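To start, the structure itself, in structure tokens.
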Amino acid sequence: MFLSTDRLFKEMNEMAAESLEIVNSRFIGLSETQINWKPEPKKWSIAECLSHIAVSHELYLARVAEVLETPVENNGKLVFRPSITGSIFLKTINPESAVKIPNPAIFNPAESPFTRRVFEDFLSAHQKYVDLLNRSGDYELNDNKIISPVSSLMKFSLGEVLILLAYHEKRHVLQALKVLEHPHFPV
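For what it's worth, our numbering labels the leading residue of the sequence shown as 692, then goes sequentially.
Now the structure itself:
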């Protein structure tokens, strides 16, 4: 998978905007009872999905911030190419993938029940991601390596992290949307 850097930024910005639109148009007006409702005890509520996104974003963005203190500057490369490992991981986390991935405990949502503050946490993490995305053109997407919060053995390029966070956010926003559309969702 090769992507022009322009296409990568365009597609990730569009995906982030789509996720934000769903949250703003479908979830923001819900009550605390509704955002905490679960279709089954072991399934996540809307609030848990949003909290999980915020927790994951914050952990990855902290790692990115460390690397960007002394970044490899953009050297004019116009193409981004994920590693083999990165490509496999991105395919599994793609919002269109049916593969279920176990959630590492480090990314667990905060304890429920949630208040409406979960929206502030999500929106803050989302905005930090968009800000990073918008300034990442200054950095080399292939050569800036981010250590995963899950394991120091896993490293992703900055470009892979930008895609990973957009895919991950969209995947869980769509998961939350399924909760909202569940036939027994409280009205």
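Where is the CB? At the ideal position from N, CA and C, for every residue including glycine.
Since this is a predicted model, take the numbers as computed values, not measurements.
Which word fits residue i, buried or exposed, when buried means at least 16 other C-beta atoms lie within 10 angstroms of its C-beta?
| i | result |
| --- | --- |
| D829 | exposed |
| A789 | exposed |
| N794 | exposed |
| N835 | buried |
| E831 | buried |
| A756 | exposed |
| N825 | exposed |
Cα separation between residue i and residue j?
| i | j | result |
| --- | --- | --- |
| H873 | K729 | 10 Å |
| S827 | S848 | 12 Å |
| L759 | L750 | 15 Å |
| I837 | V878 | 43 Å |
| I792 | V714 | 23 Å |
| N704 | D822 | 10 Å |
Three-state secondary structure (DSSP) at residue i?
| i | result |
| --- | --- |
| E712 | helix |
| F771 | strand |
| I854 | helix |
| S827 | helix |
| L741 | helix |
| E802 | coil |
| E764 | strand |
| S695 | strand |
| N785 | coil |
| L750 | helix |
| S815 | helix |
| E872 | coil |
| E860 | helix |
| R807 | coil |
In the DSSP assignment, find the beta strand (DSSP E) that holds residue i and state where it starts and stops.
| i | result |
| --- | --- |
| S663 | Since the first residue shown for the chain is 692 and the last is 878, residue 663 is missing from the structure and cannot be characterised. |
Taking residue i as part of the alpha helix (DSSP H), name the residues at either end of that continuous run.
| i | result |
| --- | --- |
| I838 | Not the alpha helix (DSSP H): I838 falls in the beta strand (DSSP E), residues K836 to I838. |
| L727 | The residue asked about is misnamed: residue 727 is Asn in this sequence, not Leu. Counting along the chain, the alpha helix (DSSP H) containing N727 begins and ends at E723 to N727. |
>> For the pair the segment 693-704 and the segment 771-780, tell me if three or more CB-CB distances fall below 8 Å.
In response: Contact holds: three or more Cβ-Cβ distances are below 8 Å.
>> Tell me whether the segment 806-816 and the segment 716-729 touch, counting them as touching only if at least three CB pairs, one residue from each stretch, are closer than 8 Å.
In response: yes
- prompt: So does the segment 794-802 actually touch the segment 733-745, counting three or more Cβ pairs closer than 8 Å?
  reply: yes
Q) Are the segment 855-873 and the segment 756-767 touching by the rule of at least three beta carbon pairs closer than 8 Å? A) no
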